[in-house]
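Quick note: the sequence shown uses numbering that gives the first Met the number 0, first residue 0, plus one each step.
Yeah, the Cβ is synthetic: ideal placement off N, Cα and C, and Gly gets one too.
Accompanying notes for the structure given below.
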Amino acid sequence: MNKIIKSALISVFYKDGLDDIVKKLHHLGVTIYSTGGTQQFIENLGVPCVAVESLTSYPSILGGRVKTLHPSVFGGILGRRDQPTDLEEMARYHIPEIDLVIVDLYPFEETVANTKDDKAIIEKIDVGGPSMIRAAAKNHKDLVVIASKTEYAYLEQLLTDQKGETTLEQRRTLAARAFEVCAHYDVVIAHYFNPTEPTYFLESIPSPKSLRYGENPHQSAKFFGNLDEIFEQVNGKELSYNNLVDVDAAVQLTQEFNTTNEAVFAIVKHTNPCGIAIRPSIKEAWDAALAGDPESAFGGVLSTNMPVNKATAEAINEIFFEVLIAPSFEADALAVLKSKKNRILLVQKTRIGSGSQYRSLLNGVLQQQTDEGSYTEWKEVGGRETTDAEKKDLAFANVVCKHLKSNAIALVKDRQLIGKGCGQTSRIDSVRQAIAKAGQFNFDLKGAVLASDAFFPFNDCVQIAHGVGIASFIQPGGSIRDKDSIDYAVENKLSMVITGMRHFKH
Numbered sequence: 000m001n002k003i004i005k006s007a008l009i010s011v012f013y014k015d016g017l018d019d020i021v022k023k024l025h026h027l028g029v030t031i032y033s034t035g036g037t038q039q040f041i042e043n044l045g046v047p048c049v050a051v052e053s054l055t056s057y058p059s060i061l062g063g064r065v066k067t068l069h070p071s072v073f074g075g076i077l078g079r080r081d082q083p084t085d086l087e088e089m090a091r092y093h094i095p096e097i098d099l100v101i102v103d104l105y106p107f108e109e110t111v112a113n114t115k116d117d118k119a120i121i122e123k124i125d126v127g128g129p130s131m132i133r134a135a136a137k138n139h140k141d142l143v144v145i146a147s148k149t150e151y152a153y154l155e156q157l158l159t160d161q162k163g164e165t166t167l168e169q170r171r172t173l174a175a176r177a178f179e180v181c182a183h184y185d186v187v188i189a190h191y192f193n194p195t196e197p198t199y200f201l202e203s204i205p206s207p208k209s210l211r212y213g214e215n216p217h218q219s220a221k222f223f224g225n226l227d228e229i230f231e232q233v234n235g236k237e238l239s240y241n242n243l244v245d246v247d248a249a250v251q252l253t254q255e256f257n258t259t260n261e262a263v264f265a266i267v268k269h270t271n272p273c274g275i276a277i278r279p280s281i282k283e284a285w286d287a288a289l290a291g292d293p294e295s296a297f298g299g300v301l302s303t304n305m306p307v308n309k310a311t312a313e314a315i316n317e318i319f320f321e322v323l324i325a326p327s328f329e330a331d332a333l334a335v336l337k338s339k340k341n342r343i344l345l346v347q348k349t350r351i352g353s354g355s356q357y358r359s360l361l362n363g364v365l366q367q368q369t370d371e372g373s374y375t376e377w378k379e380v381g382g383r384e385t386t387d388a389e390k391k392d393l394a395f396a397n398v399v400c401k402h403l404k405s406n407a408i409a410l411v412k413d414r415q416l417i418g419k420g421c422g423q424t425s426r427i428d429s430v431r432q433a434i435a436k437a438g439q440f441n442f443d444l445k446g447a448v449l450a451s452d453a454f455f456p457f458n459d460c461v462q463i464a465h466g467v468g469i470a471s472f473i474q475p476g477g478s479i480r481d482k483d484s485i486d487y488a489v490e491n492k493l494s495m496v497i498t499g500m501r502h503f504k505h
């Protein structure tokens with residue numbers, strides 16, 4: 000429902016950029032209420048203004064600590080215009096309706112940055128401001144809230160284009176921004192009082208879950224989030240810090256293949272895939288994933304996209320693993336897997352959300368968009384076209400390689416990871432590591448494909464891989480010496496695909 004602004008309460012610390020808004024409100028015939036320095040600022044513009052004190056019958060008291068905390072103010076903000084009892088009470092107590100609240104917050108963050116004086120800092124903890132902002136945001140069905148000068152331009156545009164009329168969608172958008180302002184403000188204050196805590200998480204998770212310990216026993220740890228939204232734990236001990244990290248890596252990997260109707264099984268160790276395969280049945284997928292590196296699978300985290308049946312459970316039960324994640328477990332499969340009481344079994348109820356990733360460092364937080372997708376182009380640049388079988392393997396290998404730590408190389412044959420090199424400081428070392436790992440378990444590399452998470456800086460990686468029988472490659476390209484690898488592929492009739500999409504993972 001559209002609403003027209005007929006009255007406004009303005010009380011701000013920062014007044015720059017406010018003059019044009021005040022003049023537009025006055026031009027539209029809006030009654031303006033204000034107090035203190037903001038009232039003086041408005042009156043100096045030649046715009047009439049009603050003092051808040053005339054509503055409350057109280058002056059600003061306690062050195063300015065109490066100005067607007069009064070039913071005559073909050074009643075005008077919180078009063079529901081579609082509730083007859085609210086309107087009746089407002090009329091009885093002479094409480095005016097307020098349609099627009101423009102309030103910012105005392106500069107607590109700036110004060111902390113500029114002084115060590117605790118008394119001065121405490122005085123910059125706003126009380127009335129957040130209260131009015133939250134009240135106005137709560138009642139956004141009936142009024143507009145502006146909680147920061149960063150919204151002035153948007154408000155001015157609304158006043159100009161819509162003559163003081165607003166839609167519910169616009170008011171709801173501004174309410175969401177207002178709550179974000181308040182949340183950030185509270186986080187900054189919390190951090191001042193307890194600077195050792197990662198308070199940037201407190202906006203959404205007030206009660207983090209304490210873990211047994213962190214990455215190592217001497218490190219304390221907490222989890223900020225709601226695991227119950229994602230998983231139902233049907234067996235086992237509490238998830239540890241390292242379990243959680245590997246569970247995330249395993250689920251992120253398997254859900255890349257959610258569009259396939261075939262079974263995917265992945266084994267993850269220290270966030271790196273050590274085994275993964277796609278097969279017609281879950282038992283076949285497990286067998287192939289395990290065969291890729293049966294040594295590293297010990298103590299790993301397992302993830303699949305298919306319900307676990309008894310035959311697969313009996314095969315899995317033969318090795319030690321930490322966690323198994325699946326969309327469901329058949330009853331007889333659960334009976335087998337629950338034979339070990341500490342073994343963690345998770346039923347995944349929903350996908351892990353994409354969007355942003357965060358990492359704390361240098362007394363701050365890095366944020367980045369999640370690495371979504373596999374390639375932006377499929378450009379054949381080699382000495383021959385890829386075969387249909389190679390295309391399937393290359394696409395599979397490219398996704399697997401994306402989930403290995405850089406520098407990363409994945410060797411794949413028949414949609415089975417048979418060798419990987421990861422976390423090496425040079426790409427050629429990752430190639431050698433991948434070939435050695437494949438050789439360790441007697442895989443024939445003839446007909447295998449190779450994926451690289453980043454470009455080949457020279458043609459040596461392609462030469463070494465070709466020397467052991469690999470004849471098809473996929474890489475993002477982007478090196479000033481791409482031509483070296485491409486020329487080698489052309490000369491030796493190797494297929495090579497450029498994807499245009501790098502997948503560094505640190």
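Cross-strand partners of residue i (DSSP beta bridge)
i, result
"Thr166", "Beta-bridge pairing links Thr166 to no other residue."
"Asn234", "Leu344"
"Glu379", "Val496"
"Ile101", "Ile9 and Ile145"
"Leu463", "Note that residue 463 is Ile in the sequence shown here, rather than Leu. The partner list for Ile463 (beta bridge, DSSP) is empty, contrary to what the question assumes."
"Ile266", "Gly274 and Leu301"
"Arg358", "Leu365"
"Lys208", "Phe222"
"Gly45", "DSSP lists no partner for Gly45."
"Ala50", "Ser33"
"Phe328", "Val307"
From the options, residue whose alpha carbon lies closest to that of residue i
i, options, result
"Tyr151", "Val467, Asp19 and Lys118", "Asp19"
"Leu226", "Asp247, Ile427 and Ser6", "Asp247"
"Phe12", "Gly446, Phe40 and Leu142", "Phe40"
"Asp392", "Ala409, Arg414, Glu376 and Ala119", "Arg414"
"Val461", "Glu122, Phe297, Pro279 and Met495", "Met495"
"Met131", "Pro293, Val143 and Asp81", "Val143"
"Ser471", "Ala330, Gly382, Val21 and Gln423", "Gly382"
"Pro326", "Val233, Thr110 and Ala314", "Val233"
"Lys412", "Asp387, Arg431 and Leu403", "Asp387"
"Asn304", "Arg278, Gly298, Phe320 and His505", "Arg278"
"Ala394", "Glu283, Ala447, Thr55 and Ala134", "Ala447"
"Thr424", "Asn441, Phe440, Asn406 and Leu410", "Asn406"
"Ile473", "Lys148, His505, Asn271 and Asn397", "Asn397"
"Pro475", "Phe222, Arg350, Arg501 and Gln156", "Arg501"
"Ile463", "Gly274, Leu493, Ile479 and Gln439", "Leu493"
Where residue i falls: helix, strand or coil (DSSP)
i, result
"Ile479", "coil"
"Ile315", "helix"
"Val11", "coil"
"Asn271", "strand"
"Glu321", "strand"
"Val29", "coil"
"Ile485", "helix"
"Leu86", "helix"
"Phe503", "coil"
"Gly62", "helix"
"Met0", "coil"
"Glu202", "Here Glu202 scores only 48 on pLDDT, less than 50, and its place in the model is too uncertain to base an answer on."
"Asn491", "coil"
"Ala407", "coil"
"Val186", "helix"
"Leu416", "strand"
"Gln38", "helix"
"Ser471", "strand"
"Cys421", "coil"
"Pro129", "helix"
"Gly510", "Not covered by the structure: residue 510. The range shown for the chain is 0 to 505."
"Arg171", "helix"
"Thr386", "coil"
"Ser338", "coil"
"Ala296", "coil"
heavy atom of the ligand NAP below 7 Å from residue i C-beta
i, result
"Lys123", "With respect to the ligand NAP, the structure offers nothing, as it holds no ligand at all."
* Asked: On the three-pair Cβ rule with 8 Å, is the stretch 457-473 touching the stretch 347-362?
  -> no
* Which ranges does the beta strand (DSSP E) cover as unbroken runs of at least 3 residues, wholly within the stretch 426-457, from first to last along the chain? -> 448-451
* Asked: Between the stretch 178-189 and the stretch 102-112, do at least 3 Cβ pairs fall closer than 8 Å?
  -> yes
* Asked: So does the stretch 233-243 actually touch the stretch 254-264, counting three or more Cβ pairs closer than 8 Å?
  -> no
* Touch check for the stretch 112-122 and the stretch 65-82: three-plus C-beta pairs under 8 Å? -> no
* **Stretch-stretch touch, CB-based, cutoff 8 Å, three pairs: the stretch 297-316 with the stretch 423-435** => no
* Asked: Hey, is the stretch 364-375 in contact with the stretch 339-356, meaning 3+ C-beta pairs nearer than 8 Å?
  -> yes
* Asked: Does the stretch 283-294 touch the stretch 311-323, meaning 3 or more C-beta pairs lie closer than 8 Å?
  -> yes
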